[in-house]
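Read the structure below first, then the notes.
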Amino acid sequence: MEALIQVDHGSRWLSLRDPVRIVEAWRPDQVADALRQTETSATSRGCHAVGFLRYEAGAAFALDVHPAGRAAPDLPLVWFALFDQAGIREVGRPAGAESYELGSLAPSIDRESFASRFQQIRRHIADGNTYQVNYTFGLRGDFRGEPRSLFADLVAAQRARYSAFIRFGRHAICSASPELFFRRDPDTVRLKPDTTKAAEAAEAASMWTLTTRPMKGTARRGRTTEEDAAEAERLRTSPKERAENVMVVDMMRNDLGRIAQAGSVEVPALFTLEAYPNVWQLTSTVTARTEARLDEIFAALFPSASVTGAPKIRTMQIIRSLEPGPRGIYTGAIGYLAPDGRAQFNVAIRTAVIDLHAGLLDFGVGSGIVWDSDREREYEECLLKGSILGRRPEPFELLETMRWTPGEGFFLLERHLDRLRDSARYFEFACVSDRVREIVDQCGRAASSVGRPLRVRLLLAEDGTARIEHAPLDLKEGAVSVRLATHPIDPSDPFLFHKTTNRGVYERARRPDCDDVLLWNPQREVTESTMANVVVEIDGRRVTPPIACGLLAGTLRAELLSKGEIVEGRVTIDDLLAAPRLWLINSVRGWCPVALVTGG
Numbered sequence: 046m047e048a049l050i051q052v053d054h055g056s057r058w059l060s061l062r063d064p065v066r067i068v069e070a071w072r073p074d075q076v077a078d079a080l081r082q083t084e085t086s087a088t089s090r091g092c093h094a095v096g097f098l099r100y101e102a103g104a105a106f107a108l109d110v111h112p113a114g115r116a117a118p119d120l121p122l123v124w125f126a127l128f129d130q131a132g133i134r135e136v137g138r139p140a141g142a143e144s145y146e147l148g149s150l151a152p153s154i155d156r157e158s159f160a161s162r163f164q165q166i167r168r169h170i171a172d173g174n175t176y177q178v179n180y181t182f183g184l185r186g187d188f189r190g191e192p193r194s195l196f197a198d199l200v201a202a203q204r205a206r207y208s209a210f211i212r213f214g215r216h217a218i219c220s221a222s223p224e225l226f227f228r229r230d231p232d233t234v235r236l237k238p239d240t241t242k243a244a245e246a247a248e249a250a251s252m253w254t255l256t257t258r259p260m261k262g263t264a265r266r267g268r269t270t271e272e273d274a275a276e277a278e279r280l281r282t283s284p285k286e287r288a289e290n291v292m293v294v295d296m297m298r299n300d301l302g303r304i305a306q307a308g309s310v311e312v313p314a315l316f317t318l319e320a321y322p323n324v325w326q327l328t329s330t331v332t333a334r335t336e337a338r339l340d341e342i343f344a345a346l347f348p349s350a351s352v353t354g355a356p357k358i359r360t361m362q363i364i365r366s367l368e369p370g371p372r373g374i375y376t377g378a379i380g381y382l383a384p385d386g387r388a389q390f391n392v393a394i395r396t397a398v399i400d401l402h403a404g405l406l407d408f409g410v411g412s413g414i415v416w417d418s419d420r421e422r423e424y425e426e427c428l429l430k431g432s433i434l435g436r437r438p439e440p441f442e443l444l445e446t447m448r449w450t451p452g453e454g455f456f457l458l459e460r461h462l463d464r465l466r467d468s469a470r471y472f473e474f475a476c477v478s479d480r481v482r483e484i485v486d487q488c489g490r491a492a493s494s495v496g497r498p499l500r501v502r503l504l505l506a507e508d509g510t511a512r513i514e515h516a517p518l519d520l521k522e523g524a525v526s527v528r529l530a531t532h533p534i535d536p537s538d539p540f541l542f543h544k545t546t547n548r549g550v551y552e553r554a555r556r557p558d559c560d561d562v563l564l565w566n567p568q569r570e571v572t573e574s575t576m577a578n579v580v581v582e583i584d585g586r587r588v589t590p591p592i593a594c595g596l597l598a599g600t601l602r603a604e605l606l607s608k609g610e611i612v613e614g615r616v617t618i619d620d621l622l623a624a625p626r627l628w629l630i631n632s633v634r635g636w637c638p639v640a641l642v643t644g645g
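For the sequence shown, the tail end lands on 645 under this note's numbering, and the numbers increase by one without skipping.
Below is the structure:
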């Protein structure tokens with residue numbers, strides 16, 4: 046049995062093995078006692094506890110859920126392992142880097158069944174029974190191999206802060222949750238200096254601060270920094286998204302009020318934007334002071350309001366009547382209890398549960414359905430959430446390729462550095478501008494002794510480490526032979542808009558029978574080549590495609606646009622074939638005439 050859990054807002058990983066005790070609850074009437082046993086054992090024996098509550102544990106708190114035995118009967122409602130020691134480590138692929146195979150994921154309900162449930166939810170909303178229903182279903186697929194490798198890929202792809210991996214018995218749980226259910230920390234309110242009463246001191250010692258951070262509101266990430274900022278602002282100011290977020294915040298305030306010290310429930314942060322690789326999320330923070338035990342906290346808060354709907358009790362009744370079966374660990378909670386009583390639990394979303402004996406993986410998905418939701422879009426978004434499984438993001442660096450010449454130095458240096466900083470903001474790379482410039486200046490001083498043009502590559506890693514590579518620059522004389530790509534690019538790919546070492550789309554397009562390849566999008570609009578921007582002569586004007594078509598904003602392109610030497614305009618493949626002259630442009634090689642090769 047082993048566990049890895051992300052703590053301290055994602056800054057540390059705890060590694061735990063060989064538990065000294067297991068606490069389980071299989072029936073609703075055992076849940077509260079299991080939580081009390083876990084807390085008592087952890088704090089009295091100085092143990093670390095890691096475990097989970099299934100969504101169906103809500104039955105212990107008089108909430109309407111499916112009977113747990115109808116699915117995954119070998120998973121208890123509550124499970125905790127207690128450990129004498131916890132190590133600190135980095136998450137990653139296990140030693141030996143065992144791989145895994147994941148089959149296609151089949152939904153537990155088809156499109157037609159989803160449509161029927163969708164209409165029933167709308168009727169409940171129309172009748173005033175609910176404002177929103179978080180409807181969920183499962184995806185299932187075959188799984189073979191090492192679950193820790195799947196978990197490492199999930200964590201790398203999601204960049205979540207509340208992830209957890211637990212392998213026990215025949216099961217492995219891989220959770221890359223971005224959502225905090227609650228944290229319990231020692232209360233930060235201090236007694237006044239002149240307070241001497243023993244009762245007040247004892248009260249302060251037993252008081253905790255509870256922090257919840259419900260997540261409600263989603264928008265896609267933009268492809269460029271400018272587009273990304275616009276998407277974030279649209280989410281932050283959307284009346285619909287804000288209303289749904291406030292609804293969940295009000296529910297959390299009400300739930301916290303059941304166990305909070307009078308007047309201590311606060312909302313220190315409302316409508317906070319959080320960036321993830323593919324989406325923006327809108328979160329809010331609700332806090333309270335409490336003396337509640339762990340079982341009392343769960344009785345008041347569980348399950349999170351963000352995974353049920355509003356009002357909570359009635360909506361959970363609707364959920365039970367419409368969902369095909371128990372949710373299991375999905376939308377329950379996975380977390381950690383420290384020897385000093387501190388605790389952290391996530392909302393178990395983005396969570397896969399693997400039956401290692403049967404070779405099956407289950408992954409829950411869902412959506413918050415309101416009156417004006419679109420049925421087809423909601424179903425497609427649910428299926429899309431399953432696409433995070435099996436992704437294996439490769440590490441990459443930001444890249445700027447520059448020309449250095451004696452006398453002139455670095456060509457368009459400021460534009461290159463601005464673009465690097467822009468991409469660093471987008472990908473959340475550390476970027477210390479003074480340090481980057483110092484490295485560039487050092488390279489320039491060293492190049493002065495070479496006395497010939499250089500091709501210089503400036504690379505920036507995620508942690509802010511910058512390095513320089515350089516080589517002699519040999520400029521090719523004459524026209525560049527170019528062919529059209531055989532397949533369109535995907536203009537939603539953000540790596541088309543940022544210069545990085547992730548050049549898969551360009552490498553796949555290259556051909557051995559020409560110098561370069563011109564790319565185009567599904568609208569048959571020319572975008573760029575694999576190495577440069579493109580300029581096409583149309584009606585006497587030199588036209589370059591706009592960024593929105595799916596291309597990198599080259600530094601020479603930007604310079605020429607600012608001087609009015611070229612203009613932006615959409616260029617179709619037909620325009621390209623009919624053009625009297627074509628060029629490729631970049632800051633290293635300048636203007637390169639093109640010889641377009643057709644046929645063959």
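Built from N, CA and C at the ideal position, the CB exists for glycine as well.
Could you give the first and the last residue of the continuous alpha helix (DSSP H) run that contains residue i?
i, result
"Ser194", "192-203"
"Ala105", "Careful: Ala105 lies outside any alpha helix (DSSP H) and carries neither H nor E."
"Asp295", "284-302"
"Thr254", "Not the alpha helix (DSSP H): Thr254 falls in the beta strand (DSSP E), residues 253-258."
"Ala113", "It is not in any alpha helix (DSSP H) - Ala113 carries neither H nor E in the DSSP assignment."
"Val550", "549-554"
"Phe472", "458-472"
"Gly489", "478-492"
"Ala171", "156-171"
In angstroms with no decimal places, state the Cα-to-Cα distance between residue i and residue j.
i, j, result
"Cys219", "Pro451", "55 Å"
"Ala355", "Ser194", "37 Å"
"Asp230", "Asp385", "9 Å"
"Val633", "Ala623", "28 Å"
"Cys92", "Phe227", "20 Å"
"Gly585", "Trp565", "23 Å"
"Gln362", "Asn179", "12 Å"
"Ala71", "Thr546", "A small correction: the amino acid at residue 71 is Trp; Ala does not occupy that position in the sequence shown. Taking the straight line from one Cα to the other gives about 51 Å."
"Ala598", "Arg99", "48 Å"
"Ala244", "Ser309", "Since pLDDT at Ala244 reaches only 46, below the 50 mark, its modelled position is unreliable, and the value read off the structure follows with that caveat. When rounded, the distance between both Cα atoms is 19 Å."
"Ala140", "Ser161", "Reliability of the predicted coordinates at Ala140 is poor, the pLDDT of 47 falling under 50, and no value is obtained from them."
"Leu401", "Asp519", "57 Å"
"Ala202", "Ser208", "12 Å"
"Arg548", "Leu541", "9 Å"
"Gln487", "Leu457", "17 Å"
"Thr531", "Ile394", "40 Å"
"Gly435", "Val95", "25 Å"
"Leu429", "Thr353", "20 Å"
"Arg647", "Glu425", "Because the chain in this structure spans residues 46 to 645, residue 647 falls outside the shown range and cannot be described."
"Pro238", "Ser60", "Summary for Pro238: the model assigns pLDDT 46, below 50, so the residue's position carries little reliability; its value from the coordinates is reported in the next sentence. So the alpha carbons of these two residues sit roughly 40 Å apart."
"Pro24", "Asp417", "Missing from the structure shown is residue 24; the chain here goes from 46 to 645 and no further."
"Ala246", "Gln306", "For Ala246, the predicted model reports a pLDDT of 42, less than 50, meaning its position is unreliable; a value from the coordinates is still stated below. The straight-line gap from Cα to Cα measures roughly 16 Å."
"Glu445", "Leu465", "7 Å"
"Phe213", "Phe97", "12 Å"
"Arg66", "Leu255", "27 Å"
"Arg587", "Asn578", "12 Å"
"Glu582", "Arg615", "12 Å"
Based on DSSP bridge pairs, tell me the residues matched to residue i.
i, result
"Ser208", "Ala221"
"Gln326", "Thr263, Glu319"
"Arg512", "Leu504"
"Asn179", "Gly413"
"Ser574", "Leu563"
"Ile583", "Arg586"
"Pro517", "Leu499"
"Ile592", "Answer is none; Ile592 lacks a bridge partner."
With residue i as the anchor, note down where its beta strand (DSSP E) starts and where it stops.
i, result
"Ala126", "123-128"
"Ser89", "First-last for Ser89: 76-90, but that is the alpha helix (DSSP H), not the beta strand (DSSP E)."
"Ile133", "132-134"
"Leu443", "443-450"
May I ask whether a heavy atom of the ligand SAM can be found less than 7 Å away from the beta carbon of residue i?
i, result
"Ser194", "You won't find the ligand SAM in this model; it holds no ligand whatsoever."
So, do the stretch 501-510 and the stretch 471-486 have three or more beta carbon pairs nearer to each other than 8 Å? Judged by Cβ distances under 8 Å, the stretch 501-510 makes contact with the stretch 471-486, as three or more pairs qualify.
Would you call the stretch 183-199 and the stretch 148-167 in contact, with 3 or more CB pairs under 8 Å? Of all C-beta pairs linking the stretch 183-199 to the stretch 148-167, three or more are shorter than 8 Å, placing the two stretches in contact.
Pick out the complete beta strand (DSSP E) segments inside the stretch 386-429, 3 residues or longer, and give them in chain order. With a minimum length of 3 residues, the continuous beta strand (DSSP E) runs that stay inside the stretch 386-429 are 388-392, 396-400, 405-414.
Do three or more CB pairs link the stretch 364-381 to the stretch 397-415 at distances below 8 Å? Yes: at least three Cβ pairs fall under 8 Å.
Start-end ranges of the alpha helix (DSSP H) lying completely within the stretch 343-392, minimum 4 residues: Whole alpha helix (DSSP H) segments, 4+ residues: 357-367.
Can at least three beta-carbon pairs, one atom from the stretch 93-106 and one from the stretch 333-353, be found at a separation below 8 Å? The stretch 93-106, when compared against the stretch 333-353, does touch it at the 8 Å Cβ threshold.
If you pair each beta-carbon of the stretch 481-490 with each one of the stretch 612-629, do three or more pairs fall below 8 Å? Contact between the stretch 481-490 and the stretch 612-629 is absent: fewer than three C-beta pairs spanning the two stretches fall below 8 Å.
Whether or not the stretch 77-90 and the stretch 316-330 are in contact is what I'm after, with contact meaning three or more pairs of Cβ atoms, one per stretch, closer than 8 Å; do they touch? Judged by Cβ distances under 8 Å, the stretch 316-330 makes no contact with the stretch 77-90, as fewer than three pairs qualify.
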